[in-house]
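Numbering of the sequence shown is given in my numbering, commencing with residue 194 and proceeding in unit increments. Here the structure is laid out as structure tokens; the discussion comes afterwards.
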Amino acid sequence: MKRARWRTAIHGVAVAALAVGLAACKPEATGTAAGVPAAETAAAATATATAAPPVAAASAAAATPAAPPPAVAAPVGIPAALQERADALLAAHRQMIVLMTGERKLDAAEKRAVGAVGQQLFHDMQERQRALIAQAGDMADPATVPALNALLDRIESEPSWFDADRLAFKEFLGELSTRYGQAQSLSGLKLGRRASEDLAVLAEIEQAYDRELKDVFGRFAQRGIEPKREKWADYVTKLQGLYSREQILKDFGAIVPYTQAPGGAKEKESADAREIYGTSLPAKTVVLTFDDGPHAKHTDEILEILKRYDAPAIFFQLGQNLGKLDAQGKAQLGANGAVAKRVLAAGHVLANHSFSHGMMAKMSDDAVRVEASETETLLDATGRPQSTLFRFPYGARNEAKLTTVEALKLRSMLWTVDSMDWADPVPKSIADRVLAEVDKAKRGVILFHDIQGRTVQALPTVLDQLVADGYRFATWRDGKFIVNAPKKAAPDDGVAATSGDTLYRESHALVIGIDKYAKWPGLHHAVPDAKAMEQLLVTRFGFKPENVTALYDGEATRANILRALNEKLTDGKRVKRDDRVLVFFAGHGSTRKLASGRDVGYIVPVDATLDNLPSDAISMPQLQEVAEALSAKHVLFLVDACYSGLGLTRGGGPQGSKNFLTDNARRIGRQMLTAGGADQQVADDGPGGHSVFTWTMLQALSGKADLNGDGVITGTELAAYVAPAVSAIARQTPAFGSLPGSEGGEFVFALPTEREGLSGDSLQLDAASSQVNKRIDQANEQAVHAAAPPKATKAGPASPAAVEVVVKNLEGADTKLTMPAAAPLAPRVAAQRANDRGLQLYRERRYDEAEAAFTEALKLQPRFALAANNLGFVYFKRGKPVEAARWFEQAIDMDGSRALAYLNLGDAHLQAGNDAKALAAYTTFVGLAPKHARVAALQAWIAAPDAEHRPQLPPTNS
């Protein structure tokens, strides 16, 4: 190892910028962390770059792959698979640093989320470590030693790495040193000696970073002036530029909600009911526990340390590390079975930690039963006395899984002091943390792991100090400490949103579209524009079909339009005071200048001539007369035509009202929005076969024009969204205002609650339309101004502020439109709004923003199954099936009746190469939705799961 170069770097030489990218780690998401309800633990997190698709591999670690560093090519001599595993291990190490930096300053909810995800990341790192060691351990292959030397070259001298990065390979180097230190070949012996030298330099690096790493992982406050460690700060800053804690949490299926449900105190009061925490231990008494063994090396080292201090301990062991069961269900102990027997011979307790360390909260009851009972069989084969202890991996369980384990006469033991040896790479800070936490609690169960060297190094320091402080060590005998299991929160997907049903008695519309003029030039998109508006009014905003009059092409004569306006809409028996009326016209418009110099605008019917507007067209004064004659409370004219002479008054609704809808109901509203002014032409070639004006309006009414976030779109908000956007992308200036007789009332569109669960059937805009929508949103971001931008807090997102937009009137002057600030929203309503926004963004292929919106929904409402499914599908769409599966599983956990979540889960598992899990998910889906279009193909594969019948997956953007 190039020791001189490393030592120079340790003492302050600038280190090159990091080039290795984020590799997403993918173990399962938690259901419940130790002593914490699932709704809190599985709560958690955004800035993310699109990760590379997962790499396939045969090892266990490949089940949770990490994207290789994109910026660094494989050095000559390193096999691609070996480099991928090494880079994935480094990425996980870096993620752990980011996850834990500042952890002691987090609030309780964030600490629980970080702790739960951190343990998953730790076990993911262990899998990667094992896979890397297994790949490196084939001494019989002559290519192995050269490949490992090439890898060590990179570990020692990769210029883009910080020295702290190399700590990720400490365990790996230790294994190489042990395995090749007694190799039979000269090249193998040299490799072993080289690994030993590297370990010595790592010890120097560890010592140099000791204080900084202790600060990262320490949970206790420090006193005095803390010196700045620029080099460590640089390292952390670089890593935080690659990943964020929130994104790491979210990739593991956890989002921290804004608010926590009450009940923590009550849970603590009932802590002696079922599970064992050690909270009832006598003062100055602790129980030492070690998880995930037995380990061929480190378990024996821990036994030697415990013997020196005469300290008993409980070892929670994994069945897969003990051996396996044969076809008759008989235990066949492996090599580590002898280690387990030595644990028993030393007087310690062997206990059950499941077979595979899987996420048992996500398993079926039968799978949990198999995991626990098979491990019991293997533990019994070691000759242990009867034990009733069980520890859920990650501490994740729910009521059903706890009951299943109890039916096997097992009791759950968790912990009160987490050593965090799974996260902290420095033994001294592990020891300091344990001692500080024990000093605060004065008692409890301490969680360690007997599968890594850092714990072996930290343990003597811990025991020395505990003995010096007069602590005693206890073990589990005769069932003394039992605590109550936290109750799992009930699914809560009933997210309410503002309803428009009570705003108006009835809704009426006249929709006109003309492409095929007799005398005027033909148009291309006016009829599709009008039909799209008709469909939107009926399907989205609750207009009854019988209350919508549609006139297309030849039907839209002057006589028919005036008859519909004057007879249908002004009929007092049909249209009442508490109704609303919308008139949409797409066609030609024209302006006539009078002798006085005043302009008069016209809409042009299908049968109008070119030279006689007064008699053949319908003038603005006529429309004003109709508007005044209508008895409806609110009237809105939407005119996709360009002309002037409207005689509009200044627009804008009631400002500063705390109860906008109530106040607005008392005011008459007569509003008009047109596509442009005189001497302008409508852009008739917008996206989706629509004019630019109508396309933008359709997007606005999808929810985007709710500028103040109150769940309704007013006529003013519609104009404030549409006008700047159309002006930015087309050579026309939409005009908006109120007609004479208006009293300041606003036409209101109440946004419906979206219930769509994303799946492969969900429609998306084409790329060109998505780009236009992004330009539209950018134009609005520049045009919209908040009077006093509020700030989000830990308690929740910022409340909407009053919104101001400046648009042009027909005379070319600026007109300021003001939307009053919305009243604060309940979390459920705000969550639904965020979910709806995510759906809009998904349809536009804006995946980063969609992910952020669904994340916001889950922060506001942690058990929002629809948002969990939708977030999962965004992951799936981006080619990240493992993360996607976690969120689909959470959606199912929240609401097991969601058929689409099972379909999506099957697709995610199939994409990840896990056919068995895909079959199980598809089978459940077929049972829940037997009439779905994909059922026939899925049934064929379920019956014959071969390549010929393999289902075709929805496309991804990976």
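Virtual Cβ for every residue (Gly too), placed ideally from N, Cα, C.
To the nearest whole angstrom, what separates the beta carbons of residue i and residue j, a pair I think is in contact under 8 Å?
{"i": "G381", "j": "Y373", "result": "5 Å"}
{"i": "T568", "j": "F585", "result": "Actually they do not touch by this definition, with Cβ atoms about 12 Å apart."}
{"i": "N1150", "j": "G1065", "result": "About 15 Å separates the two Cβ atoms, so there is no contact after all."}
{"i": "Q510", "j": "L543", "result": "6 Å"}
{"i": "P927", "j": "A913", "result": "10 Å between Cβ atoms; not a contact."}
{"i": "T472", "j": "A667", "result": "Rounded, the Cβ-Cβ distance is 13 Å, inconsistent with contact."}
{"i": "F1069", "j": "A1092", "result": "Not confirmed; about 16 Å, so no contact."}
Could you tell me the alpha carbon to alpha carbon distance between residue i and residue j, rounded to whole angstroms?
{"i": "L628", "j": "K304", "result": "19 Å"}
{"i": "E821", "j": "A725", "result": "27 Å"}
{"i": "V885", "j": "L900", "result": "20 Å"}
{"i": "S955", "j": "L932", "result": "41 Å"}
{"i": "V998", "j": "I969", "result": "15 Å"}
{"i": "A1114", "j": "L1096", "result": "7 Å"}
{"i": "A343", "j": "S353", "result": "16 Å"}
{"i": "K766", "j": "A943", "result": "25 Å"}
{"i": "T371", "j": "R386", "result": "10 Å"}
{"i": "L652", "j": "D662", "result": "15 Å"}
{"i": "Y745", "j": "L1131", "result": "44 Å"}
{"i": "M613", "j": "A960", "result": "47 Å"}
{"i": "Y697", "j": "D792", "result": "35 Å"}
{"i": "R860", "j": "Q728", "result": "28 Å"}
{"i": "E818", "j": "T907", "result": "23 Å"}
{"i": "A678", "j": "L518", "result": "With a pLDDT of 32 at A678, under the threshold of 50, the modelled position of that residue is not reliable, and the figure given next carries that caveat. Roughly 31 Å between the two C-alpha positions."}
{"i": "Q975", "j": "T887", "result": "21 Å"}
{"i": "D485", "j": "H550", "result": "8 Å"}
{"i": "K761", "j": "Q964", "result": "41 Å"}
{"i": "Q1083", "j": "L1053", "result": "16 Å"}
{"i": "L1146", "j": "K443", "result": "24 Å"}
{"i": "E1049", "j": "H717", "result": "41 Å"}
{"i": "D391", "j": "P272", "result": "21 Å"}
{"i": "Q658", "j": "T492", "result": "22 Å"}
{"i": "Y1035", "j": "F508", "result": "48 Å"}
{"i": "Q521", "j": "T597", "result": "23 Å"}
{"i": "A788", "j": "I811", "result": "19 Å"}
{"i": "I754", "j": "F778", "result": "10 Å"}
{"i": "M865", "j": "V307", "result": "53 Å"}
{"i": "A1137", "j": "A560", "result": "24 Å"}
{"i": "G646", "j": "H546", "result": "20 Å"}
Taking the DSSP output, what are the residues bridged to residue i?
{"i": "V627", "result": "For V627, which the question treats as bridged, DSSP gives no partner whatsoever."}
{"i": "R795", "result": "Position check: residue 795 holds Tyr in this sequence, whereas Arg was assumed. S783, S812."}
{"i": "M613", "result": "None, per the DSSP bridge assignment."}
{"i": "Q510", "result": "G486, N545"}
{"i": "H827", "result": "R773, G862"}
{"i": "T322", "result": "Correcting the residue type first, residue 322 is Gln in the shown sequence and not Thr. Q322 pairs with nothing; no bridge assigned."}
{"i": "T371", "result": "Looking at the DSSP assignment, T371 forms no beta bridge with any residue, so it has no partner."}
{"i": "K517", "result": "Q525"}
{"i": "I469", "result": "M606"}
{"i": "F1069", "result": "Paired residues: none, contrary to the question."}
{"i": "E277", "result": "Answer by DSSP bridge pairing: none, since E277 is not bridged."}
{"i": "D833", "result": "A779"}
Just to confirm, is the Cβ distance from residue i to residue j under 8 Å?
{"i": "L360", "j": "I398", "result": "yes"}
{"i": "F362", "j": "Y428", "result": "no"}
{"i": "A1133", "j": "H1125", "result": "no"}
{"i": "K500", "j": "A539", "result": "yes"}
{"i": "T575", "j": "R604", "result": "no"}
{"i": "A868", "j": "Q925", "result": "yes"}
{"i": "A1046", "j": "A1027", "result": "yes"}
{"i": "V704", "j": "A723", "result": "yes"}
{"i": "G1120", "j": "A1111", "result": "no"}
{"i": "V566", "j": "L595", "result": "According to the sequence provided, residue 566 is Ser. The question's Val does not apply to it. Not a contact, by the Cβ cut-off of 8 Å."}
{"i": "I1043", "j": "L1051", "result": "Here residue 1043 is Ala; the residue named in the question, Ile, does not match the sequence. Cβ distance not < 8 Å, so A1043 and L1051 don't count as in contact."}
{"i": "K826", "j": "D764", "result": "no"}
Cβ of residue i within 7 Å of any heavy atom in the ligand GDP?
{"i": "L543", "result": "The model on display carries no ligand, and the ligand GDP is accordingly not part of it."}
Segments assigned alpha helix (DSSP H), at least 4 residues, entirely inside the stretch 1099-1133
1108-1121
Taking only runs that begin and end inside the stretch 551-579, name each unbroken alpha helix (DSSP H) of 4 or more residues, in chain order.
Segments of the alpha helix (DSSP H) lying fully in the stretch 551-579: 558-574.
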